[in-house]
Amino acid sequence: MSLLQDMALHFGVGINDLANIISTAPLRHKVYAIAKRHGGVRIIAQPSRELKALQRYLLETTLPAFQIHTAATGYVRGKNILTNAQAHLGNRAILKLDFKDFFPSIKVEDWEKLVRATKVRKIDRVDLSVSSKIMFWGQGSKSPKCLSIGAPTSPALSNIILFRLDIELAKRAADLGVVYTRYADDITVSSQTVEALLQFEALARRSVAALKSPRLTFNDDKRGLYTTGQRRMVTGLVLTPTNQISIGRERKRLISVMLHKVFIGESSPDKKFYLKGLLGFCLANEPDFVGAMRRKYGDELVDGVLQFQAEGSENSGSR
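Here it is, written out as C-alpha cells:
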C-alpha cells in the first residue's frame with residue numbers, strides 16, 4: 001500500500017479527504033513570534049491538530065528507518081540534556097558552537113536528496129512527495145519549504161539529515177582526543193586542552209562551510225570557550241569543578257525561595273505550578289537537591305507541590 005493508503009486506514013478517513021488535507025499541509029500552521037532571551041524574535045510555526053497527527057504517524061512509522069549518529073543527543077529516545085552533559089564530565093575545557101536559524105536552514109530539498117541517496121525502500125517518489133508536504137512548512141505557500149519550530153518531526157528530521165555531518169565531526173573529534181555531542185543546533189566539544197578544541201573548531205568550520213546539504217552557518221554570538229574555574233554550562237546544566245552535574249546555584253536559590261513562599265502561604269497557583277516544573281527538572285537532573293529540600297521543608301510540602309494541579313487542568317484534556 002502507498003503511504004496515503006496506510007494513513008487513511010490508520011486514521012479511518014477517506015483517501016480523498018486525506019489527500020485534500022495533505023495538499024494544503026504546508027499552509028496548515030499557526031505562525032507567531034516569541035521574544036528571544038538575548039534580543040530578537042523566534043518564529044514558531046505550530047502545525048494544526050490534524051497535521052500534527054500525521055506528523056506523529058510518520059515519526060513512529062517512517063523516520064525510524066533512517067540512521068542517526070550516537071553523538072546526536074537531542075530529542076532521541078533514551079537521551080536528554082543530562083546525557084549530553086554527562087558525556088563531557090572529566091574534561092577541563094569545553095567549546096560551545098551553535099547553528100544560526102537551524103530548523104529553517106534545513107530545506108525540503110535536503111530531505112528529498114537524502115531519501116534518494118539512501119534508497120529507503122519504504123519511500124518511493126509519490127510517498128516522498130506526500131511526506132515532504134506533511135513534514136515541511138510552506139512559509140505561507142502550499143509548497144513545502146523548510147522545517148518549522150513547533151513540528152514534532154523537525155527534531156528527528158534534523159538528526160537524520162545531519163547524520164553524515166555528525167559522522168565527519170565525530171571522527172575529527174576522536175582523532176584529536178576531543179568529545180563531540182550535538183543537541184539539535186547546539187554543539188558541545190570538550191577536551192583536557194584548549195589547543196585541541198581550537199584545532200577541532202577550525203576543522204569543523206571548514207566542514208560546515210563546504211557542506212552543500214544542508215546549508216548551515218554558525219552563530220558566532222553564541223560561541224563560548226570555557227575552562228575549569230569558569231562557569232561551564234552544557235545544555236542548561238553546570239559541570240562543577242568536582243566533576244558533578246548541577247542545575248546551577250541560581251535555580252537552586254530560586255527553588256528554595258519559592259518553597260519558602262509555599263511554606264508561609266504566600267505562593268499563588270501560577271507560581272506553584274511553575275515551581276512544580278522546576279522541581280521536576282531538578283528531579284531529572286540533580287535529585288539530591290530535591291532530597292535536601294525535603295529535609296528542609298518536609299516531604300508533605302514538597303510532594304504537595306509535585307502533585308499540584310492548576311485550576312481546570314484535570315479537565316483540560318477533555319475540552
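According to the working numbering, the sequence shown is numbered sequentially starting from 1. C-beta: ideal position from N, C-alpha, C; glycine also.
1. State buried or exposed for Leu-283, treating a residue as buried only when at least 16 other CB atoms are found within 10 Å of its CB.
2. Could you tell me the boundaries of the alpha helix (DSSP H) in which Ser-213 lies?
3. For Tyr-183, is the classification buried or exposed, using 16 other Cβ atoms within 10 angstroms of its Cβ as the cut-off for buried?
4. If the criterion is Cβ atoms closer than 8 Å, does the pair Met-1 and Tyr-57 meet it?
5. Near Pro-47, what residues of its chain come up, given a Cβ to Cβ distance below 7 Å and the 5 sequence neighbours on each side ignored?
6. Report the residue from Gly-140, Thr-193, Gly-74 whose alpha carbon sits nearest the alpha carbon of Leu-95.
7. Given this structure, state the Cα-to-Cα distance separating Cys-146 from Gln-67, to the nearest angstrom.
8. With C-beta atoms as the reference, is Leu-51 less than 8 Å away from Ala-19?
9. So if DSSP puts Gln-46 in a beta bridge, which residue, or which two residues, is it bridged to?
10. Could you spell out where the beta strand (DSSP E) holding Gly-280 opens and where it closes?
11. Nearest CA to the CA of Val-43: which residue from Val-31, Arg-205, Arg-37, Ala-53?
12. How far does the alpha helix (DSSP H) with Thr-83 in it reach, from first residue to last?
13. Just verifying my parser: in three-state terms, what is the DSSP assignment at Lys-107?
14. Using three-state DSSP, classify Tyr-75 as helix, strand or coil.
15. Could you tell me which of Ile-245, Ile-160, Tyr-226, Lys-142 sits nearest to Ala-93, measuring between CA atoms?
16. Any idea what DSSP makes of Arg-295, helix, strand or coil?
17. Helix, strand or coil: how does DSSP classify Arg-182 here?
18. Is the Cβ-Cβ distance between Ile-187 and Leu-97 less than 8 Å?
19. With DSSP collapsed to three states, give me the class of Arg-232.
20. Under the rule that 16 or more other beta-carbon atoms within 10 Å means buried, what is Ala-202, buried or exposed?
21. Should Leu-306 be labelled buried (16 or more other beta-carbon atoms within 10 Å of its own) or exposed?
22. Tell me Phe-99's beta-bridge partners as DSSP assigns them.
23. For the 8 Å Cβ check, are there 3 or more pairs between the region 218 to 236 and the region 257 to 276?
24. Among Leu-4, Thr-235, His-10, Arg-37, which residue has its Cα nearest to the Cα of Gly-74?
25. Check Ser-131 in the structure and name its three-state DSSP category.
26. Between Ala-113 and the rest of its own chain, which residues show a CB-CB distance below 8 Å, the 5 nearest in sequence each way excluded?
27. Asn-84 to Glu-300, Cα distance in whole Å?
28. Straight-line CA distance for Phe-11 to Val-130?
29. Ile-160 and Ile-22 - do their beta-carbons sit closer together than 8 Å?
30. Cα separation between Leu-9 and Ile-15?
31. Roughly how far, in whole angstroms, is the beta-carbon of Arg-215 from the beta-carbon of Ser-148, given that I think they are within contact range, below 8 Å?
32. Within 10 angstroms of its Cβ, does Val-108 collect 16 or more other Cβ (buried), or is it exposed?
33. Give the straight-line distance between the Cα atoms of Pro-287 and Phe-263, rounded to the nearest whole angstrom.
On the basis of the data shown:
1. Working through the sequence shown from its first residue, we reach residue 283 at position 283. Classification of Leu-283: exposed, given that the 10 Å Cβ count is below 16.
2. Along the sequence shown, one-based indexing puts residue 213 at 213. No alpha helix (DSSP H) contains Ser-213, which DSSP labels as neither H nor E.
3. To locate residue 183, count along the sequence shown from 1; it is residue 183. Buried.
4. Residue 1 sits at position 1 when you count from the first residue of the sequence shown. Residue 57 sits at position 57 when you count from the first residue of the sequence shown. Between Met-1 and Tyr-57, the CB-CB gap reaches or exceeds 8 Å.
5. Stepping through the sequence shown from its first residue, residue 47 is reached at position 47. Cβ neighbours of Pro-47 beyond the five flanking positions: Arg-28, His-29, Gln-55, Gly-150, Ala-151.
6. Against the sequence shown, residue 95 aligns to sequence position 95. The residue with the shortest Cα to Cα distance from Leu-95 is Thr-193.
7. Translated into positions along the sequence shown, residue 146 becomes position 146. Translated into positions along the sequence shown, residue 67 becomes position 67. Going from the Cα of Cys-146 to the Cα of Gln-67 covers about 20 Å.
8. Residue mapping note: residue 51 aligns to position 51 of the sequence shown, counting from 1. Residue mapping note: residue 19 aligns to position 19 of the sequence shown, counting from 1. No. Outside cutoff.
9. Working through the sequence shown from its first residue, we reach residue 46 at position 46. Under DSSP, the beta-bridge partners assigned to Gln-46 are Lys-30.
10. On the sequence shown, position 280 is the one that residue 280 refers to. Taken as a continuous stretch (DSSP letters only), Gly-280 belongs to no beta strand (DSSP E), being part of the alpha helix (DSSP H) at 269 to 285.
11. Here residue 43 refers to the residue found at position 43 of the sequence shown. Note on residue identity: the sequence assigns Ile, not Val, to residue 43. Cα-wise, what sits closest to Ile-43 is Val-31.
12. Position 83 of the sequence shown, counted from the first residue, corresponds to residue 83. Here the alpha helix (DSSP H) through Thr-83 covers 81 to 86.
13. Taking the sequence shown and counting its residues from 1, one reaches residue 107 at position 107. Strand at Lys-107.
14. Numbered from its first residue, the sequence shown carries residue 75 at position 75. The answer is coil: DSSP assigns Tyr-75 none of H, G, I, E or B.
15. For the purposes of this step, residue 93 is taken as the residue at position 93 of the sequence shown. For Ala-93, the nearest C-alpha among the options comes from Tyr-226.
16. One-based indexing of the sequence shown puts residue 295 at position 295. In the displayed model, Arg-295 falls within a helix according to three-state DSSP.
17. Translated into the one-based positions of the sequence shown, residue 182 becomes position 182. Three-state DSSP puts Arg-182 in a strand.
18. To locate residue 187, count along the sequence shown from 1; it is residue 187. To locate residue 97, count along the sequence shown from 1; it is residue 97. Yes, Cβ-Cβ distance for Ile-187 and Leu-97 is below 8 Å.
19. Here residue 232 corresponds to residue number 232 of the sequence shown, with the count starting at 1. Three-state DSSP puts Arg-232 in a strand.
20. Counting from one through the sequence shown, the residue named residue 202 turns up at place 202. Classification of Ala-202: exposed, given that the 10 Å Cβ count is below 16.
21. Within the sequence shown, residue 306 is the residue found at index 306, counting from 1. Exposed, since its Cβ has fewer than 16 Cβ neighbours within 10 Å.
22. For the purposes of this step, residue 99 is identified with residue 99 of the sequence shown, where counting begins at 1. Paired residues: Phe-218.
23. In this structure the region 218 to 236 does not lie against the region 257 to 276, because fewer than three pairs of beta carbons, one per stretch, are closer than 8 Å.
24. Sequence index remark: in the sequence shown, residue 74 carries index 74 (1-based). The shortest C-alpha to C-alpha distance from Gly-74 to any of Leu-4, Thr-235, His-10, Arg-37 is the one to Thr-235.
25. The residue labelled residue 131 in the question sits at position 131 within the sequence shown. Of the three classes helix, strand and coil, the one that applies to Ser-131 here is helix, per DSSP.
26. Numbered from its first residue, the sequence shown carries residue 113 at position 113. Reading off the sequence, residue 113 comes out as Lys, not Ala. Hits under 8 Å: Ser-213.
27. Against the sequence shown, residue 84 aligns to sequence position 84. Against the sequence shown, residue 300 aligns to sequence position 300. Asn-84 and Glu-300: Cα-Cα distance of roughly 33 Å.
28. Here the question's residue 11 lines up with position 11 in the sequence shown. Here the question's residue 130 lines up with position 130 in the sequence shown. If you draw a straight line from the Cα of Phe-11 to the Cα of Val-130, it is about 16 Å long.
29. Residue numbering aside, residue 22 sits at position 22 when the sequence shown is read from its first letter. Residue numbering aside, residue 160 sits at position 160 when the sequence shown is read from its first letter. Not in contact: Ile-22 and Ile-160 (Cβ atoms no closer than 8 Å).
30. As a working mapping, residue 9 is identified with position 9 in the sequence shown. As a working mapping, residue 15 is identified with position 15 in the sequence shown. Taking the straight line from one Cα to the other gives about 9 Å.
31. By one-based count along the sequence shown, residue 215 stands at place 215. By one-based count along the sequence shown, residue 148 stands at place 148. With a Cβ gap of about 17 Å, Arg-215 and Ser-148 do not count as contacting.
32. Within the sequence shown, residue 108 is the residue found at index 108, counting from 1. By the 10 Å Cβ count, Val-108 comes out buried.
33. The count along the sequence shown starts at 1 and reaches residue 287 at position 287. The count along the sequence shown starts at 1 and reaches residue 263 at position 263. If you take the alpha carbons of Pro-287 and Phe-263, they lie about 21 Å apart.
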